[in-house]
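Under this note's numbering, the first residue of the sequence shown carries the number 3, and numbering increases by one thereafter.
Think of the CB as a built atom: it goes at the ideal place given N, C-alpha and C, for glycine as much as any other residue.
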Amino acid sequence: MADVANALYRAWGIGQKKSNEGALLLLARRERKSRLEIGHGLEPILPDGFSGSVLREMRPALRENH
């Protein structure tokens, strides 16, 4: 899942190339997997711990197909 998210992030050119401040939320509903890919420019603002907490908070709603 991480490889797919990273490939999509790069292929779609998310965020400005110079500042690399993009974010990609990838949801694979059937597989029940999610990934939040954050550009290096946003890492000081959105660290890995925060990204993980966002994904964990989304789980109940995703289980109920919301």
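Presumed contact (8 Å Cβ cut-off) between residue i and residue j, rounded CB distance
{"i": "I40", "j": "S53", "result": "6 Å"}
C-alpha distance - residue i paired with residue j, whole-angstrom precision
{"i": "S21", "j": "P46", "result": "12 Å"}
{"i": "L27", "j": "R37", "result": "6 Å"}
{"i": "I16", "j": "V6", "result": "14 Å"}
{"i": "R61", "j": "K19", "result": "31 Å"}
{"i": "L51", "j": "R58", "result": "Here the sequence assigns Gly to residue 51, which means Leu is not the residue at that position. Cα to Cα, the separation comes out at about 11 Å."}
{"i": "A4", "j": "L64", "result": "19 Å"}
{"i": "G43", "j": "E66", "result": "33 Å"}
Alpha helix (DSSP H) segment containing residue i, residue limits
{"i": "S36", "result": "Unbroken run through S36 is the beta strand (DSSP E), 35-40; no alpha helix (DSSP H)."}
{"i": "L64", "result": "50-65"}
{"i": "R12", "result": "4-14"}
Residues sharing a beta bridge with residue i, DSSP
{"i": "L26", "result": "E39"}
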